[in-house]
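Chains as they are written, first to last, in the numbering used here: chain A, -16 to 93; chain B, 390 to 502. Cβ atoms here follow ideal geometry from the backbone N, Cα and C, with glycine treated the same way. Shown next, in structure tokens, is the structure this report addresses.
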Amino acid sequence: EAGVTQSPTHLIKTRGQQVTLRCSPISGHTSVYWYQQALGLGLQFLLWYDEGEERNRGNFPPRFSGRQFPNYSSELNVNALELEDSALYLCASSLKDTQYFGPGTRLTVL
Amino acid sequence: DQQVKQNSPSLSVQEGRISILNCDYTNSMFDYFLWYKKYPAEGPTFLISISSIKDKNEDGRFTVFLNKSAKHLSLHIVPSQPGDSAVYFCAASLFYNNNDMRFGAGTRLTVKP
Chain A
-16 EAGVTQSPTH LIKTRGQQVT LRCSPISGHT SVYWYQQALG LGLQFLLWYD
34 EGEERNRGNF PPRFSGRQFP NYSSELNVNA LELEDSALYL CASSLKDTQY
84 FGPGTRLTVL
Chain B
390 DQQVKQNSPS LSVQEGRISI LNCDYTNSMF DYFLWYKKYP AEGPTFLISI
440 SSIKDKNEDG RFTVFLNKSA KHLSLHIVPS QPGDSAVYFC AASLFYNNND
490 MRFGAGTRLT VKP
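What follows is the structure in structure tokens.
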């Protein structure tokens, strides 16, 4: 069974640019979660999508947004990038209780 | 607002000995707790969980203890093995289906041969 996949693996952007990160959940999983792991911090909850709807979002500004497609894959968009957005962005999927994580996308903002 | 705290950023243990990783939380409404293990360049993988109706859950070498009155949980690994070297994240949620988990900052465990 294929796990959660994320693309790209690494990304370098400059301040003010926009970025789109992609996530494909485990087959059959309807929920997708996005997390940010900045240096020295734990995983910060960003967004939760289920059945194509945004169910919950963490304490992040509106320039962090996303969507979930009919095939349950998901995109995370970050507009007007700031230096502090440099982090590892992790996607997880779940069917019931356990979340399964992808390898993450390392975003560097210069 | 760090609702889940892992105050030890790192821990070093000799192979064969016990590793004890600690986690504290502030929200008394949390009722489901999990531990994840993360190797470099990989996403976290689920290790073990415990609900608030229990105070202990065991799975092989891994045991999680929950002290609700102290808002504290710990992960015990016995015996520790070099392959256990990883970053361990503690997580807590309000609902059993953990749709809004809060994670600690992680503890890097190094098990020396």
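* Could you tell me the boundaries of the beta strand (DSSP E) in which residue 448 of chain B lies? => Working through the second sequence from its first residue, we reach residue 448 of chain B at position 59. Looking at the DSSP string, the run of the beta strand (DSSP E) that includes residue 448 of chain B is 445 to 448.
* **Among A/43, A/71, A/30, the one whose alpha carbon lies nearest that of residue 58 of chain A** => For the purposes of this step, residue 58 of chain A is identified with residue 75 of the first sequence, where counting begins at 1. If we check each option's Cα against that of residue 58 of chain A, A/30 comes out closest.
* Cβ atoms of residue 494 of chain B and residue 414 of chain B: under 8 Å apart, would you say? -> By 1-based counting over the second sequence, the position of residue 414 of chain B is 25. By 1-based counting over the second sequence, the position of residue 494 of chain B is 105. Contact: no.
* Can you find a CB in chain B that lies within less than 8 Å of the CB of residue 28 of chain A? -> As a working note, residue 28 of chain A is residue 45 in the first sequence. True, the Cβ-Cβ gap to chain B drops below 8 Å.
* Please confirm if residue 418 of chain B has its CB atom under 8 Å from at least one CB of chain A. => Locating residue 418 of chain B in the second sequence gives position 29, counting from the first residue. Chain A, which has no Cβ nearer than 8 Å to the Cβ of residue 418 of chain B, makes this no.
* Just curious, the beta strand (DSSP E) that residue 455 of chain B is in, first and last residue? -> Taking the first residue of the second sequence as 1, we reach residue 455 of chain B at position 66. Element bounds for residue 455 of chain B: 451 to 456.
* Who are the near neighbours of residue 45 of chain A in its chain, counting only those whose CB is closer than 7 Å to its CB and skipping five residues on each side? -> Position 62 of the first sequence, counting from 1, holds the residue named residue 45 of chain A. Excluding residues within five positions, none has a Cβ falling inside 7 Å.
* To do: Report yes if the C-beta distance between residue 88 of chain A and residue 4 of chain A is below 8 Å; otherwise report no.
  => For the purposes of this step, residue 88 of chain A is taken as the residue at position 105 of the first sequence. For the purposes of this step, residue 4 of chain A is taken as the residue at position 21 of the first sequence. Yes, these two residues count as a Cβ contact at 8 Å.
* Run of the beta strand (DSSP E) containing residue 49 of chain A, from where it starts to where it stops -> Start at 1 with the first residue of the first sequence, and residue 49 of chain A comes out as number 66. Start and end: 47 to 51.
* **Neighbour list for residue 434 of chain B in chain A, Cβ cutoff strictly below 9 Å** => Within the second sequence, the letter at position 45 stands for residue 434 of chain B. Within chain A, the residues near residue 434 of chain B are 83, 84.
* Mapping DSSP to helix, strand and coil, what is residue 431 of chain B? -> As a working note, residue 431 of chain B is residue 42 in the second sequence. Three-state DSSP puts residue 431 of chain B in coil, outside helix and strand.
* Asked: Contact between the stretch 414 to 424 of chain B and the stretch 64 to 74 of chain A: three or more CB pairs below 8 Å?
  -> no
* chain B residues whose Cβ lies nearer than 9 Å to that of residue 59 of chain A -> What you label residue 59 of chain A is simply residue 76 of the first sequence in a count that begins at 1. Ordered by position in chain B, no residue passes the 9 Å Cβ test against residue 59 of chain A, which lies about 15 Å from the chain.
* Asked: Using a threshold of 7 Å, is the CB atom of residue 455 of chain B nearer than that to any non-hydrogen atom of the ligand SAH?
  -> By its list of ligands, the structure shown contains no ligand whatsoever, and the ligand SAH lies outside what it can speak to.
* If you drop the 5 nearest sequence neighbours on each side, which residues of the same chain put their C-beta closer than 7 Å to that of residue 457 of chain B? -> Within the second sequence, numbered from 1, the residue matching residue 457 of chain B stands at position 68. Here the set comprises 441.
* To do: Compare the Cα-Cα distances from residue 8 of chain A to each of A/-7, A/-3, A/33, A/38 and report the closest residue.
  => Start at 1 with the first residue of the first sequence, and residue 8 of chain A comes out as number 25. Minimum Cα distance to residue 8 of chain A is reached at A/33.
* Count the other CB atoms, across all protein chains shown, that sit within 10 Å of the CB of residue 52 of chain A; report buried if there are 16 or more and exposed otherwise. => Position 69 of the first sequence, counted from the start, is the residue given in the question as residue 52 of chain A. It counts as exposed.
* What is the residue span of the beta strand (DSSP E) that residue -7 of chain A lies within? -> For the purposes of this step, residue -7 of chain A is taken as the residue at position 10 of the first sequence. Residues -7 to -4.
* To do: Please state whether DSSP places residue 420 of chain B in a helix, a strand or coil.
  => Residue numbering aside, residue 420 of chain B sits at position 31 when the second sequence is read from its first letter. Three-state result, residue 420 of chain B: coil.
* Boundaries (first-last residue) of the beta strand (DSSP E) holding residue 39 of chain A -> Position 56 of the first sequence, counted from the start, is the residue given in the question as residue 39 of chain A. Residues 36 to 40.
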